[in-house]
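Undergrad: The structure under discussion is supplied below as structure tokens; questions concerning it will follow.
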Amino acid sequence: GGPETFLVYGHYDVQPIGHLTDWSVGPFAATIVDGKLFARGAANSKGDLVARLAAVEAYQKTVGKLPISLRFIVEGEDGLGSQSLYRFTTQHPELLVARGCIWDEGYRDTKERPVISLGFKGITFLELRAHGARSDLHSKWGAIVPNPAWRLVQALATITSPKGVITIDRFSSHVAPICDEDAEALKAIELDEAGLKKEFRIVGWVRAMKGQALVKEHIFGPTCTICGIQTGHTDAGAKTVLPSTAMARLDFRLVPDLTPDLVHKLLRQHLDIRGFNDIEIIELGSAPLAKAPATSLVARAVIEHAMEIYGMPPLVYPMDPSSGPVGAVCGVSSPPTPVASFGISYAGSNPHGPDENIRVDDFLQSIKFIGRVINSLGETTSEIRARTSGITKTSGIREGKAATH
Numbered sequence: 006g007g008p009e010t011f012l013v014y015g016h017y018d019v020q021p022i023g024h025l026t027d028w029s030v031g032p033f034a035a036t037i038v039d040g041k042l043f044a045r046g047a048a049n050s051k052g053d054l055v056a057r058l059a060a061v062e063a064y065q066k067t068v069g070k071l072p073i074s075l076r077f078i079v080e081g082e083d084g085l086g087s088q089s090l091y092r093f094t095t096q097h098p099e100l101l102v103a104r105g106c107i108w109d110e111g112y113r114d115t116k117e118r119p120v121i122s123l124g125f126k127g128i129t130f131l132e133l134r135a136h137g138a139r140s141d142l143h144s145k146w147g148a149i150v151p152n153p154a155w156r157l158v159q160a161l162a163t164i165t166s167p168k169g170v171i172t173i174d175r176f177s178s179h180v181a182p183i184c185d186e187d188a189e190a191l192k193a194i195e196l197d198e199a200g201l202k203k204e205f206r207i208v209g210w211v212r213a214m215k216g217q218a219l220v221k222e223h224i225f226g227p228t229c230t231i232c233g234i235q236t237g238h239t240d241a242g243a244k245t246v247l248p249s250t251a252m253a254r255l256d257f258r259l260v261p262d263l264t265p266d267l268v269h270k271l272l273r274q275h276l277d278i279r280g281f282n283d284i285e286i287i288e289l290g291s292a293p294l295a296k297a298p299a300t301s302l303v304a305r306a307v308i309e310h311a312m313e314i315y316g317m318p319p320l321v322y323p324m325d326p327s328s329g330p331v332g333a334v335c336g337v338s339s340p341p342t343p344v345a346s347f348g349i350s351y352a353g354s355n356p357h358g359p360d361e362n363i364r365v366d367d368f369l370q371s372i373k374f375i376g377r378v379i380n381s382l383g384e385t386t387s388e389i390r391a392r393t394s395g396i397t398k399t400s401g402i403r404e405g406k407a408a409t410h
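Heads up, my numbering is the position in the sequence shown plus 5, with the first residue counted as 1.
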């Protein structure tokens, strides 16, 4: 490719399928039904990776040499915390030097508007454990033997309020105010509240939020989500036991100025001061947040050509509500490499859930979109090189020297 380098991130690992009976088709059969391809990983994010590779191949076959150099960074541990990626990029920072990075997260909303993100929330994924007897006991001992399931539930109940507000001591005081630039960007974002509620089959939002308050909370609100709880006997049939252990997995989505280490410290102190010092906290994976300006080369190219390809203005999120190992890829250089993220999913793709799918037309459209972005980045970087080398294309006169006629 050309002299300027851009990074392309993707991952090929997928989430567990969950219960096979929840799937309409085989999760790994890649079955096309009514113009939709159903498969685990189709939306998150093998489909994006294949679309980008297909765009490169199509460009080379129809136009020729790429006008920019693309360096693909593809991993298989996104769902496990990307530890190998962090080690690799720390050892080889020279491979991360680039003008910008294209990420693999994005979708078309319920009104078919493309969603483009210029950053990601941070995340820390934790396991909380409560311990009881040496093994599960007959539940007849329940009157006198401590139950770790109740212990864990009681600890969890102190972390958020009934309305879903995080109540960890001093947590909210560390959340930075939204800057003027981001506040202005939020005004242009509208969530299709009715469409999303219909898609999710829910009756309302947390704390009955709506309008700009809902948008602000979705993008810049920190979260604490119980992703799963495991204890005792939950299989078919009756088995009256007093569990020996109880485990919950939580993820915190982090906004400025929250960091994984800070959240770990605050949570530990919060539990200890309430007498839950016996609750074990295990970190399963973390990633810092990342944000980039809308004025970067890669952001401008993606935003401009989204309108051209999709026929409608994109929704530009200053920070995506999801998370990823952006710091491992874009945070190695100083200043950090700007990122812009978009993808082939749509509102009904259901990534991480059963019947994950993408629309074939979206896949094909994404290939065209990426081709336009590649071409645009090539033209823009070429113009920048011309200006910085002192050549003014319109006059052909070298800058800094007077014209004599």
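Here a beta-carbon is modelled for each residue, glycine too, at the ideal position from N, C-alpha and C.
#1: Residues in the same chain with beta-carbon distance under 7 Å from TRP146, minus the five sequence neighbours each way, listed in chain order, please.
#2: Rounded to the nearest angstrom, how far is the Cβ of GLY111 from that of PRO98, given a contact under 8 Å?
#3: Who are the Cβ neighbours of THR236 in its own chain at under 6 Å, not counting the five residues just before and after it?
#4: Does the distance from the CB of ARG113 to the CB of LEU12 come in under 7 Å?
#5: Whole-angstrom Cβ separation of PRO343 and GLY105, contact assumed at under 8 Å?
#6: Just list the alpha helix (DSSP H) runs in the region 136 to 211, keeping only unbroken ones of 4 residues or longer that don't cross its boundaries, in chain order.
#7: Can you grab the Cα-Cα spacing for the pair PRO455 / ALA391, in whole Å?
#8: Confirm, please, whether the CB-CB distance from PHE347 to ALA160 is below 7 Å.
#9: Considering only the beta carbon of each residue, do GLU132 and ARG254 sit closer than 7 Å?
#10: Is it the case that the Cβ atoms of ARG156 and GLU361 are separated by a distance below 7 Å?
#11: Using DSSP with H/G/I as helix, E/B as strand and the rest coil, what is GLN20?
#12: Are the CB atoms of LYS373 and ILE308 nearer to each other than 7 Å?
#13: In the DSSP assignment, the alpha helix (DSSP H) including GLU388 goes from what residue to what residue?
#14: Can you find at least 3 beta carbon pairs, one from the region 134 to 143 and one from the region 80 to 95, that sit closer than 8 Å?
#15: Buried or exposed: VAL268, going by 16 or more other Cβ atoms within 10 Å of its Cβ?
#16: Out of MET312, ALA148, SER381 and LEU294, which one is the CA nearest neighbour of ASP325?
#17: Measure the alpha-carbon distance for PRO72 versus GLY226 and round it to whole angstroms.
#18: In whole angstroms, what is the alpha-carbon distance linking PRO323 and LYS70?
#19: Among all the DSSP beta bridges, which residues are the ones paired with LEU320?
#20: Ends of the beta strand (DSSP E) at GLU285?
#21: Measuring CB to CB, does ALA306 end up less than 7 Å from SER387?
#22: Does DSSP classify GLY15 as helix, strand or coil?
#23: Rounded to the nearest angstrom, what separates VAL102 and LYS126 at their Cα positions?
#24: Whole angstroms is fine: what's the gap from ILE164's alpha carbon to LEU271's?
TA: Straight from the coordinates:
#1: Taking the first residue of the sequence shown as 1, we reach residue 146 at position 141. So the list reads LEU247, once near-sequence residues are dropped.
#2: As a first step, residue 111 is located in the sequence shown; it is residue number 106 there, counting from the start. As a first step, residue 98 is located in the sequence shown; it is residue number 93 there, counting from the start. The pair is not a contact, with the Cβ atoms about 27 Å apart (cut-off 8 Å).
#3: Here the question's residue 236 lines up with position 231 in the sequence shown. So the list reads ALA154, PRO248 and ALA251, once near-sequence residues are dropped.
#4: Locating residue 113 in the sequence shown gives position 108, counting from the first residue. Locating residue 12 in the sequence shown gives position 7, counting from the first residue. It is not a contact, given that the beta carbons lie outside the stated cut-off.
#5: Along the sequence shown, one-based indexing puts residue 343 at 338. Along the sequence shown, one-based indexing puts residue 105 at 100. GLY105 and PRO343 do touch by the CB rule: their CB atoms are close to 5 Å apart, below 8 Å.
#6: Fully enclosed alpha helix (DSSP H) runs of 4 or longer: 153 to 161, 185 to 192 and 198 to 205.
#7: What is shown of the chain runs 6 to 410, which leaves residue 455 out entirely.
#8: Within the sequence shown, residue 160 is the residue found at index 155, counting from 1. Within the sequence shown, residue 347 is the residue found at index 342, counting from 1. With a cutoff of 7 Å on beta-carbon distance, ALA160 and PHE347 are scored as not near each other.
#9: Here residue 132 refers to the residue found at position 127 of the sequence shown. Here residue 254 refers to the residue found at position 249 of the sequence shown. The answer is yes: Cβ separation under 7 Å.
#10: Sequence index remark: in the sequence shown, residue 156 carries index 151 (1-based). Sequence index remark: in the sequence shown, residue 361 carries index 356 (1-based). Result no, Cβ atoms of ARG156 and GLU361 do not sit closer than 7 Å.
#11: Indexing the sequence shown from 1 puts residue 20 at position 15. In the three-state reduction of the DSSP assignment, GLN20 falls in the coil class, being assigned neither a helical nor a strand state.
#12: One-based indexing of the sequence shown puts residue 373 at position 368. One-based indexing of the sequence shown puts residue 308 at position 303. No, these two residues do not count as a Cβ contact at 7 Å.
#13: Your numbering for residue 388 matches position 383 in the sequence shown. Run containing GLU388: 365 to 393, per the alpha helix (DSSP H) assignment.
#14: As far as the Cβ criterion goes, the region 134 to 143 does not touch the region 80 to 95, which means the pair count is below three.
#15: Stepping through the sequence shown from its first residue, residue 268 is reached at position 263. That one is buried.
#16: Translated into the one-based positions of the sequence shown, residue 325 becomes position 320. The shortest C-alpha to C-alpha distance from ASP325 to any of MET312, ALA148, SER381 and LEU294 is the one to LEU294.
#17: In the sequence shown, the residue the question calls residue 72 occupies position 67. In the sequence shown, the residue the question calls residue 226 occupies position 221. About 39 Å.
#18: Position 318 of the sequence shown holds residue 323. Position 65 of the sequence shown holds residue 70. C-alpha separation (whole angstroms): 33 Å.
#19: Sequence index remark: in the sequence shown, residue 320 carries index 315 (1-based). Paired residues: VAL120.
#20: Counting from one through the sequence shown, the residue named residue 285 turns up at place 280. GLU285 -> beta strand (DSSP E) spans 285 to 292.
#21: Indexing the sequence shown from 1 puts residue 306 at position 301. Indexing the sequence shown from 1 puts residue 387 at position 382. Remark: C-beta atoms of ALA306 and SER387 do not approach each other more closely than 7 Å.
#22: Position 10 of the sequence shown, counted from the first residue, corresponds to residue 15. Three-state DSSP puts GLY15 in a strand.
#23: Taking the sequence shown and counting its residues from 1, one reaches residue 102 at position 97. Taking the sequence shown and counting its residues from 1, one reaches residue 126 at position 121. Cα-Cα distance, rounded: 23 Å.
#24: By one-based count along the sequence shown, residue 164 stands at place 159. By one-based count along the sequence shown, residue 271 stands at place 266. If I take the Cα positions, the gap works out to 11 Å.
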